[in-house]
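Here's the structure, in structure tokens; my notes come after.
There are 4 protein chains.
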Amino acid sequence: MGKIFDITLLILILLSIIFVMLESVKGLPIDTYRFLYYGEWVITIFFTFEYVARIISIKKPSRYIFSFYGLIDLLSTLPLYLSFFITGTSALLAVRALRLLRVFRILKISRYIGESNRLARAIKDSGAKILVFLFAVLVLCIIMGTVMYLIEGEESGFKSIPISVYWCIVTMTTVGYGDIAPATPLGQLIAAMIMIVGYGIIAVPTGIVSAEYAADRKSKKVNLNTQVCANCNCSDHRDGAKFCYKCGEDLHNE
Amino acid sequence: MGKIFDITLLILILLSIIFVMLESVKGLPIDTYRFLYYGEWVITIFFTFEYVARIISIKKPSRYIFSFYGLIDLLSTLPLYLSFFITGTSALLAVRALRLLRVFRILKISRYIGESNRLARAIKDSGAKILVFLFAVLVLCIIMGTVMYLIEGEESGFKSIPISVYWCIVTMTTVGYGDIAPATPLGQLIAAMIMIVGYGIIAVPTGIVSAEYAADRKSKKVNLNTQVCANCNCSDHRDGAKFCYKCGEDLHNE
Amino acid sequence: MGKIFDITLLILILLSIIFVMLESVKGLPIDTYRFLYYGEWVITIFFTFEYVARIISIKKPSRYIFSFYGLIDLLSTLPLYLSFFITGTSALLAVRALRLLRVFRILKISRYIGESNRLARAIKDSGAKILVFLFAVLVLCIIMGTVMYLIEGEESGFKSIPISVYWCIVTMTTVGYGDIAPATPLGQLIAAMIMIVGYGIIAVPTGIVSAEYAADRKSKKVNLNTQVCANCNCSDHRDGAKFCYKCGEDLHNE
Amino acid sequence: MGKIFDITLLILILLSIIFVMLESVKGLPIDTYRFLYYGEWVITIFFTFEYVARIISIKKPSRYIFSFYGLIDLLSTLPLYLSFFITGTSALLAVRALRLLRVFRILKISRYIGESNRLARAIKDSGAKILVFLFAVLVLCIIMGTVMYLIEGEESGFKSIPISVYWCIVTMTTVGYGDIAPATPLGQLIAAMIMIVGYGIIAVPTGIVSAEYAADRKSKKVNLNTQVCANCNCSDHRDGAKFCYKCGEDLHNE
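Chains as they are written, first to last, in the numbering used here: chain E, 9 to 262; chain R, 9 to 262; chain C, 9 to 262; chain U, 9 to 262.
This is the structure in structure tokens:
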């Protein structure tokens with residue numbers, strides 16, 4: 009029963025995301041937009057029922073409402089209703105933005121992926137070090153962006169320091185759009201140096217995560233399911249667990 | 009004898025791939041196209057004989073026919089024959105597509121590379137974790153793509169959400185074509201943030217594979233050959249093996 | 009008290025960087041530029057007081073003045089005063105360059121990040137090996153750039169060997185602007201080979217850092233604060249330290 | 009004495025490379041080209057003396073002549089002399105190519121970098137596995153390139169299968185020039201998938217090198233010098249060595 013409910017929800021989430029994306033495409037037949045509009049309402053009403061059912065079925069609703077998934081679930085239903093009440097031509101952009109907020113529904117899906125918790129923890133463990141590293145990269149980009157602004161000037165597209173810093177980030181991360189590119193020999197020399205350095209330091213966060221992950225890898229793995237505790241709403245219980253691991257509530261599994 | 013057959017086959021596979029590629033190039037002398045056409049038929053007939061010989065020489069042909077290599081071998085011969093029977097001008101694209109399917113012949117080559125099995129196993133081992141990671145990247149791209157669609161609008165090329173998501177994937181994976189690039193200051197700021205984040209999280213799959221590979225590395229290495237068992241058609245026997253390691257069939261090596 | 013001073017300084021540094029960047033943006037209201045100008049002077053005077061205070065409060069000022077942070081602190085104040093004294097229209101560029109030197113103030117921020125020392129040490133440890141590697145990449149780029157210059161010629165943008173080497177660095181580091189791209193079949197073939205090789209060797213510095221970092225990881229972590237020793241001006245003391253770890257000076261902590 | 013000779017040689021190599029590069033730049037004063045021309049001859053004559061001296065001073069010249077450094081040393085001198093003897097306007101390109109061969113002189117420099125041997129060995133150790141991996145990437149690129157050729161067609165720049173494969177390599181290695189980019193929705197979807205896959209598999213060679221390097225790291229380090237054995241011409245002796253480690257020849261160090 010719970011399995012079927014889960015799969016239905018999963019399909020509805022994916023359908024909803026596809027609807028949001030298709031809605032923004034121009035040039036489709038007018039019937040398609042009408043179908044997307046009504047389909048969207050059906051899905052939103054379903055999500056509303058799910059949200060209300062979750063609040064009713066657990067003992068401390070406030071804990072759920074302000075949890076990560078509670079906020080995501082609210083965000084998945086409210087915007088469409090709100091967009092219905094806002095009127096007037098000037099509020100058009102606000103309505104459009106609200107409707108697009110539905111895309112955050114995709115985060116509901118993370119409930120169904122057991123591995124995602126482990127991955128999130130691994131990122132969290134090495135997060136502080138990687139943040140320091142990314143900050144160092146940013147500092148380097150601000151300094152080199154200013155230098156390139158001075159050397160290249162406005163002719164090559166380096167119109168201001170913020171634009172130059174943007175270019176430096178695009179280059180250092182090896183994205184390289186090519187909308188802005190150095191044109192003077194000196195600028196190209198320094199750009200080449202920035203690239204070589206960027207190539208060398210990309211190794212640092214990788215090394216950090218490798219070492220952390222290798223250390224984390226020895227921890228055991230257990231299978232978790234998506235059953236929700238009626239008391240505290242936490243959802244990652246071990247398969248076969250009889251009591252909630254957080255609050256001790258009976259999970260009513262025989 | 010088997011060695012010579014193997015090398016002939018290898019050369020024919022490579023020749024065939026070069027033929028398929030050259031056929032699509034415009035502006036060559038007309039004699040070249042005629043040569044490619046006849047050469048293609050010769051190679052296809054050779055592959056047909058190989059396919060039939062394999063089916064005849066083993067005891068349970070059905071097991072071979074539905075195996076990975078069996079399907080590849082079939083795919084290497086059938087399309088050209090089929091393209092011969094399809095007529096009418098409307099079927100031109102289908103014929104062209106069928107003829108291009110011959111490019112899959114290159115997968116026949118994997119039979120001759122002993123290391124490829126080990127590599128495939130290493131990817132398989134860490135595959136589930138990397139898939140979860142890639143899925144997380146995709147979720148992030150859908151959300152950020154929608155945000156950029158709202159900020160940049162159609163003037164900068166962000167015509168619809170699917171296009172914006174495509175742009176976000178191009179940026180996050182550091183490919184960076186430059187056919188679509190943010191033009192507003194706010195859009196460039198968010199793009200810079202996406203790049204910095206993409207630069208930081210590229211470390212995650214690398215860390216996973218490093219740790220898995222280091223653990224896998226201690227397994228021993230043996231030399232395998234391409235001799236085929238007459239009973240079960242499996243092909244990676246140890247050098248000097250007398251019986252098939254899967255079904256126990258005598259390999260007739262003295 | 010020291011905490012409040014630290015936070016004030018941090019905010020001033022960030023403000024100053026934002027001021028330098030905004031100053032270069034064209035098209036803002038004229039009042040904004042005036043505000044930036046006066047704001048800049050206020051911050052510079054504050055930094056001057058900080059610099060003088062640091063020199064007075066320690067016993068051996070010369071050691072501080074010629075240290076890394078001492079030079080950064082000097083560089084954060086002097087340029088603006090100097091730009092005030094240089095006159096004449098021909099000196100305009102020099103003044104502009106001097107004013108932009110203020111961007112180096114961002115390095116003052118590294119004092120407040122405990123992790124940065126560890127990161128710097130990790131980079132230093134594997135620095136020699138990565139330098140050799142980057143040098144090898146450079147040698148490869150010079151050779152391949154010359155080859156591409158010979159093959160592609162001036163029509164495709166490979167105007168001289170330095171430009172070709174620049175293109176090769178852009179390609180090898182996977183930045184790929186697209187301002188210069190090979191147009192002949194042979195050039196594209198060699199470019200593809202360069203990319204595949206670049207893709208393979210990016211693994212080398214990563215492997216080096218991973219191994220070094222994993223070895224370095226076992227060293228213990230202690231909390232350091234930003235308190236400055238009155239004698240030798242070194243600033244990374246352990247929390248609760250009573251004497252300077254470098255010169256033994258009493259830190260006057262009860 | 010040997011130290012001074014080494015440094016002189018190093019400077020001459022670097023000067024020579026700069027000369028080759030500058031020679032290709034258009035628009036410099038005519039005196040510069042004349043200076044480069046005569047400077048080039050001086051350096052080449054110096055290298056010729058070095059080459060002859062090396063052959064005379066060792067007992068078995070043939071072993072040196074056909075060694076890696078012997079061939080590099082020959083390549084550093086011969087082309088300029090040959091270009092002198094080739095006459096006629098039709099041989100202009102050959103002369104230009106010969107003259108550019110001088111860029112290989114930069115490989116002479118590797119003699120002076122002790123670490124480079126270790127790096128080369130590390131790459132060699134994991135070379136076979138990385139080659140298999142790169143081959144797998146190539147196979148994937150050929151298949152996906154053919155698929156993209158079929159989907160996109162000539163309008164988007166996918167003119168032939170070789171061009172499509174080139175595009176696929178540019179994309180998979182995350183270089184992304186943008187000279188060719190998919191324009192149809194289906195093409196962009198498949199391109200996005202190729203990028204995501206490329207992002208995932210870049211981890212594989214990194215993981216391989218990390219594991220190999222970590223295993224190799226425990227080997228001890230000794231200081232080597234560039235002194236050459238008079239008998240076998242090998243050059244990486246330990247500091248203070250009295251006899252050649254390869255042939256046992258007396259090195260005449262007191």
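Where is the CB? At the ideal position from N, CA and C, for every residue including glycine.
6 Å CB neighbourhood of residue i in its chain, flanking five on each side removed
i      : result
I159/R : L194, G195
E31/U  : L44
I63/R  : P69
S24/E  : I51, R113
Cβ neighbours of residue i in the same chain (closer than 7 Å, five flanking residues each side left out)
i      : result
I169/U : G153, T154, Y157
L138/U : Residue identity differs from the one stated: residue 138/U is Ile in this sequence, not Leu. Excluding sequence neighbours, I138/U sits near P213, I216.
D184/U : Here residue 184/U turns out to be Gly, not Asp, going by the sequence shown. The residues are V178.
F141/E : V212, P213
V111/E : I25, V28
Rounded separation between residue i and residue j - CA only
i      : j      : result
L90/C  : F27/U  : 40 Å
T52/E  : S84/E  : 7 Å
A200/E : E163/U : 34 Å
G165/E : L197/U : 31 Å
K11/C  : C176/E : 34 Å
I19/U  : V173/C : 20 Å
E58/R  : F74/R  : 16 Å
G161/E : K34/U  : 23 Å
V60/C  : L86/C  : 12 Å
F143/E : L109/C : 20 Å
I206/E : G206/R : Inspection of the sequence shows that residue 206/E is occupied by Gly rather than by Ile. Distance between the alpha carbons of G206/E and G206/R: 14 Å.
T56/R  : W49/R  : 10 Å
I171/E : L148/E : 15 Å
A136/U : M9/U   : 42 Å
F93/C  : F54/U  : 52 Å
Y41/E  : Y41/C  : 49 Å
Nearest-angstrom Cβ-Cβ length linking residue i and residue j, presumed shorter than 8 Å
i      : j      : result
R113/E : L88/E  : Contact flag wrong, Cβ pair sits at about 11 Å.
M180/C : I150/C : No, M180/C and I150/C are not in contact; Cβ-Cβ is about 11 Å, not under 8 Å.
L146/C : I209/E : In fact, because the Cβ distance is near 16 Å, the residues do not count as touching under 8 Å.
A189/E : D39/C  : The Cβ separation is near 35 Å, so there is no contact.
T192/C : T182/R : That belief does not hold up - the Cβ atoms of T192/C and T182/R are roughly 27 Å apart, past 8 Å.
S218/E : S218/R : 4 Å
Other residues of its chain near residue i: CB distance less than 8 Å, five sequence neighbours each side excluded
i      : result
K116/E : L17, I21, Y77, I80, D81, S84
S227/U : Because the pLDDT of S227/U is 47, which lies under 50, any placement of that residue in the model is unreliable, and the number read from its coordinates should be weighed accordingly. Once the five neighbours on either side are set aside, S227/U has no close Cβ partner at all.
G47/U  : L23, F27
K167/U : none
L36/R  : L30
Suppose only complete runs of 4+ residues qualify. What are the alpha helix (DSSP H) ranges in the segment 149 to 234 of chain U, listed by chain order? 169 to 180, 193 to 209, 211 to 224, all fully within the segment 149 to 234 of chain U.
Please identify, using Cβ separations under 9 Å, the residues of the segment 151 to 168 of chain U that lie next to chain R, in order along the chain. Listed by position, the residues of the segment 151 to 168 of chain U near chain R (Cβ gap below 9 Å) are I151, G153, T154, V155, Y157, L158, E162, K167, S168.
Residues of the segment 191 to 210 of chain R in Cβ contact with chain C at a cutoff of 8 Å, in chain order, please. Under the 8 Å Cβ criterion, the segment 191 to 210 of chain R contributes no residue.
Mind listing which residues of the segment 17 to 45 of chain E have their C-beta closer than 9 Å to chain R's C-betas, in chain order? Residues passing the 9 Å Cβ filter: I25, V28, M29, L30, E31, S32, V33, K34.
Segments of 4+ residues assigned as alpha helix (DSSP H) that fall wholly inside the segment 34 to 84 of chain E: Runs found: 38 to 65, 69 to 73.
Could you please tell me which residues of the segment 176 to 192 of chain C, in chain order, have their CB closer than 7 Å to any CB of chain E? Legend: CB atoms of the segment 176 to 192 of chain C lying less than 7 Å from CB atoms of chain E belong to residues I177, V178, T181, T182, V183, G184, Y185, G186, D187.
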